[in-house]
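S.K.: I'd like to ask some things about the structure below.
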Amino acid sequence: VFLFGGDGDGFSIGGNHLDHGARKNINMTYVIMDNFVYGLTKKQTSPTSPIGFKSKTDPTGAIDQPVNPMKKLICGGATFVARTHASQVNHMIQMIERAMDHQGFSVIECLSECVEFFPGAFDPANPRKGGSFEVIQEKKWDNTPEDELRHDVTDELAAYKLAQLPFPGVFGVFYQNDRPTKNALEKKWVDSTREKLGQPSDLALLQKTFDRMK
């Protein structure tokens, strides 16, 4: 399963679904196109809008602390957490490919500029606009002194520390962990039940359920 959404979908309107999808480790990939504003509804403050951002809902400037997507996802239980930028196409493709290869709930925050309602929001991370696109250097496990300074994607605390860097932060895979998916656990439970019941069909199982309700 592959989904696209925005910062409003992911961190406000659908925030509860995001939390439980991560907690349950459902096998799917979710790309959140984060533009720091509700753009389709014509410029309202979103959960990731920076303090001071002026919009139709905050004409004098946003006063609420914005959500930190990486911190939220790491703490929420997502087993693959990455960050990219829509202007860095090759990097974005790499992150999507890695997320799709991951077995579990994989989420990518993709900084995606709304040129109409928040132009220039991500220029600090765009080299073509004078910004800096710093990529996370992952451990190669080659026992070199240089490797000691590289990031261990399985280290939750290290990932959380990276997530706390000031904007625009860094880009790449923050965290990756292997644990059983809800899909695999449910299949195991269903297979075990069918084995005990003599491999009945889905229709037969459904009929037995209805019969118990009579």
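Positions 7 to 220 (the numbering used here) are the ones given, in order, by the sequence shown.
Backbone N, C-alpha and C fix where the C-beta goes; we use that ideal spot for every residue, glycine too.
C116 to A210, Cα distance in whole Å?
M.R.: Going from the Cα of C116 to the Cα of A210 covers about 45 Å.
S.K.: Using the C-alpha atoms, what's the distance from F17 back to P75?
M.R.: Those two C-alpha atoms are separated by around 8 Å.
S.K.: Measure the Cβ-Cβ separation of F124 and N31 and say whether it is below 8 Å.
M.R.: Taking 8 Å as the Cβ cut-off, F124 and N31 do not qualify as a contacting pair.
S.K.: Roughly how many angstroms separate the alpha carbons of G12 and A88, rounded to a whole number?
M.R.: C-alpha separation (whole angstroms): 15 Å.
S.K.: Three-state secondary structure (DSSP) at L209?
M.R.: In the structure shown, L209 sits in a helix (DSSP, three-state: H, G or I).
S.K.: As an exercise, report each continuous beta strand (DSSP E) stretch of at least 3 residues that is fully enclosed by the stretch 110-189, in chain order.
M.R.: Within the stretch 110-189, the complete beta strand (DSSP E) runs of at least 3 residues are 111-117, 178-182.
S.K.: Thinking C-beta only, is T90 closer than 8 Å to H108?
M.R.: Against a cut-off of 8 Å, the Cβ pair of T90 and H108 comes out as no contact.
S.K.: For Q50, which residues from the same chain have a beta carbon less than 6 Å from its beta carbon, with the 5 sequence-adjacent residues on both sides left out?
M.R.: Excluding sequence neighbours, Q50 sits near Y44, S61, K62, T63.
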